[in-house]
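**Q** Pasting a structure here, questions to come.
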Amino acid sequence: MIEILNPAELPRARAAGALVAGILRTLKSRCEVGTNLRDIDRWTQTMIAEAGAQSCYVDYEPSFGRGPFGHYICTSVNDAVLHGRPYDYALTDGDLLTLDLAVAKGGVVADSAISFIVGEKSPESVAMISATERALSAGIAAARPGARIGDISHAIGTVLGEAGYRISTEFGGHGIGSTMHQDPHVPNMGRPGRGYRLRPGLLLALEPWIMADTAELVTDTDGWTLRSATGCRTAHSEHTIAITSDGAEVLTLPEQRP
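Just so you know, we're using the UniProt record's numbering here: the sequence shown kicks off at 1 and counts up by one.
Written as structure tokens, this is what we have:
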């Protein structure tokens, strides 16, 4: 299913995006050495409830997972890159943490992910995060009316490939709207000029992710968390965007504070 929002629905999408961005910003500010992943999950649950919104994860039960996800946010640490299930783990100095959050508010879903380092920053981890952020910016720049999904995929893949990373197309970006995952699929590598043609009102979640020395994923014993097959570090960046008449509007940017 591909949903196209009308102009009257866009303010609700902006509200959902602002909520997700605000929660992620708050969580990042609270994360430090010793923070437990279960605390992050509880903080997220509280903030979603206080906003009168709904979690897209707690009851999420797709074919590739093992039962309902059962938590309010994905917390992926170091070699975990996607669908990291919160567990009893206290962050240590130098951990690379990815927080991935999808929330529904006013009938519209927004989805975003950030990667950051807790404590001491290693050059390798900084470079990985930077590559995903640059790739995300390139994908957003390629998203405009009349362009195609392949143009976005090509822009993302070019940045990641030139940075020296292998690219997996097993999971990627996706359409979004009244539900979290919709068509079209947006791979992180592709051919320009191919795929679905973008039009105003389309919402997309773009999410470049990489692993330091492999493109192969393995599933953790929890049935959800996806890790690098070699145990190497990973990074992931994601924004929800709306295609407008003259380009793309990023809905999940945090507000700029003075």
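Positions of the beta carbon are idealized from the N, C-alpha and C atoms, including for glycine.
By the three-class DSSP mapping on this structure, what secondary structure does TRP209 have?
**A** To locate residue 209, count along the sequence shown from 1; it is residue 209. Here TRP209 sits in strand by DSSP.
**Q** Measuring only the C-alpha atoms, how far is ILE117 from ASP95?
**A** Reading the sequence shown from its first residue, position 117 is the one you call residue 117. Reading the sequence shown from its first residue, position 95 is the one you call residue 95. Rounded to the nearest angstrom, the two C-alpha atoms are 6 Å apart.
**Q** Who are the near neighbours of MET47 in its chain, counting only those whose CB is closer than 6 Å to its CB and skipping five residues on each side?
**A** Translated into the one-based positions of the sequence shown, residue 47 becomes position 47. Here the set comprises ILE23.
**Q** If the criterion is Cβ atoms closer than 9 Å, does the pair ASP246 and ARG144 meet it?
**A** Position 246 of the sequence shown, counted from the first residue, corresponds to residue 246. Position 144 of the sequence shown, counted from the first residue, corresponds to residue 144. In this structure, ARG144 lies closer than 9 Å to ASP246 by Cβ.
**Q** Taking the beta strand (DSSP E) that ARG227 belongs to, which residues open and close that run?
**A** Within the sequence shown, numbered from 1, the residue matching residue 227 stands at position 227. Counting along the chain, the beta strand (DSSP E) containing ARG227 begins and ends at 226–228.
**Q** Closest to VAL250 by CA distance: which of PRO11, ASN6, GLN54, ALA51 is it?
**A** Sequence index remark: in the sequence shown, residue 250 carries index 250 (1-based). For VAL250, the nearest C-alpha among the options comes from PRO11.
**Q** Note down, in chain order, each residue of its chain lying with its Cβ closer than 8 Å to the Cβ of ILE167, except the 5 sequence neighbours on either side.
**A** Within the sequence shown, residue 167 is the residue found at index 167, counting from 1. Hits under 8 Å: GLY157, LEU160, GLY161, ASN188, MET189, ILE210, ALA215.
**Q** Can you tell me where the beta strand (DSSP E) holding PRO184 begins and where it ends?
**A** Walking along the sequence shown from the start, residue 184 turns up at place 184. Taken as a continuous stretch (DSSP letters only), the beta strand (DSSP E) holding PRO184 covers 182–186.
**Q** With distances taken between CB atoms, is the gap from GLY177 to LEU203 smaller than 9 Å?
**A** Along the sequence shown, read from residue 1 onward, the residue named residue 177 stands at position 177. Along the sequence shown, read from residue 1 onward, the residue named residue 203 stands at position 203. Contact: yes.
**Q** Tell me, which residues are paired with HIS239 by DSSP?
**A** Here residue 239 is taken as the residue at index 239 of the sequence shown, counted from 1. The partner list for HIS239 (beta bridge, DSSP) reads LEU206.
**Q** Go ahead and pull the three-state DSSP assignment for THR158.
**A** Along the sequence shown, read from residue 1 onward, the residue named residue 158 stands at position 158. Three-state result, THR158: helix.
**Q** How many angstroms separate the CA atom of TYR196 from the CA atom of ILE149?
**A** For the purposes of this step, residue 196 is taken as the residue at position 196 of the sequence shown. For the purposes of this step, residue 149 is taken as the residue at position 149 of the sequence shown. Spanning the two alpha carbons is a distance of roughly 6 Å.
**Q** Under a Cβ-count criterion, where at least 16 other Cβ atoms within 10 Å of its own Cβ denotes burial, should ILE4 be classed as buried or exposed?
**A** In the sequence shown, the residue the question calls residue 4 occupies position 4. Looking at its Cβ environment, which holds fewer than 16 other Cβ atoms inside 10 Å, ILE4 is exposed.
**Q** Expressed to the nearest angstrom, what Euclidean distance is found between the alpha-carbon atoms of ASN36 and ALA127?
**A** Walking along the sequence shown from the start, residue 36 turns up at place 36. Walking along the sequence shown from the start, residue 127 turns up at place 127. So the alpha carbons of these two residues sit roughly 25 Å apart.
**Q** When DSSP labels each residue in this structure, what does THR26 get in the three-state scheme?
**A** On the sequence shown, position 26 is the one that residue 26 refers to. Helix, per DSSP.
**Q** Per DSSP, which one or two residues make a beta bridge with HIS174?
**A** As a first step, residue 174 must be located in the sequence shown, where it is residue number 174. Beta-bridge pairing links HIS174 to HIS185, ALA205.
**Q** Measuring CB to CB, does ALA138 end up less than 9 Å from TYR165?
**A** Position 138 of the sequence shown, counting from 1, holds the residue named residue 138. Position 165 of the sequence shown, counting from 1, holds the residue named residue 165. The criterion of a C-beta distance shorter than 9 Å is not satisfied by ALA138 and TYR165.
**Q** Would you call the region 48–57 and the region 28–35 in contact, with 3 or more CB pairs under 8 Å?
**A** No: fewer than three Cβ pairs fall under 8 Å.
**Q** Quick one: grab the DSSP three-state call for PRO258.
**A** As a position in the sequence shown, residue 258 is number 258, starting the count at 1. Its pLDDT being 43, under 50, PRO258 is placed unreliably by the model, and nothing is read from it.
**Q** Checking 9 Å against the spacing of the C-beta atoms, do GLU152 and VAL186 come in under that value?
**A** The residue you call residue 152 lines up with position 152 of the sequence shown. The residue you call residue 186 lines up with position 186 of the sequence shown. First, the amino acid is wrong: residue 152 is Ile here, not Glu. Closer than 9 Å, so yes.
**Q** Taking 9 Å as the cut-off, decide whether the C-beta atoms of ARG66 and TRP224 are in contact.
**A** Sequence index remark: in the sequence shown, residue 66 carries index 66 (1-based). Sequence index remark: in the sequence shown, residue 224 carries index 224 (1-based). Going by C-beta atoms, ARG66 is nearer than 9 Å to TRP224.
**Q** As a quick exercise: from LEU206, ALA142, GLY201, ARG199, pick the residue whose alpha carbon is nearest that of THR169.
**A** Within the sequence shown, numbered from 1, the residue matching residue 169 stands at position 169. THR169 has its Cα closest to that of LEU206, out of LEU206, ALA142, GLY201, ARG199.
**Q** Can you list the beta strand (DSSP E) stretches of 3 or more residues lying completely in the region 73–105, in chain order?
**A** Runs found: 74–77, 80–82, 96–105.
**Q** State the beta-bridge partners of GLY70 as determined by DSSP.
**A** Walking along the sequence shown from the start, residue 70 turns up at place 70. For GLY70, which the question treats as bridged, DSSP gives no partner whatsoever.
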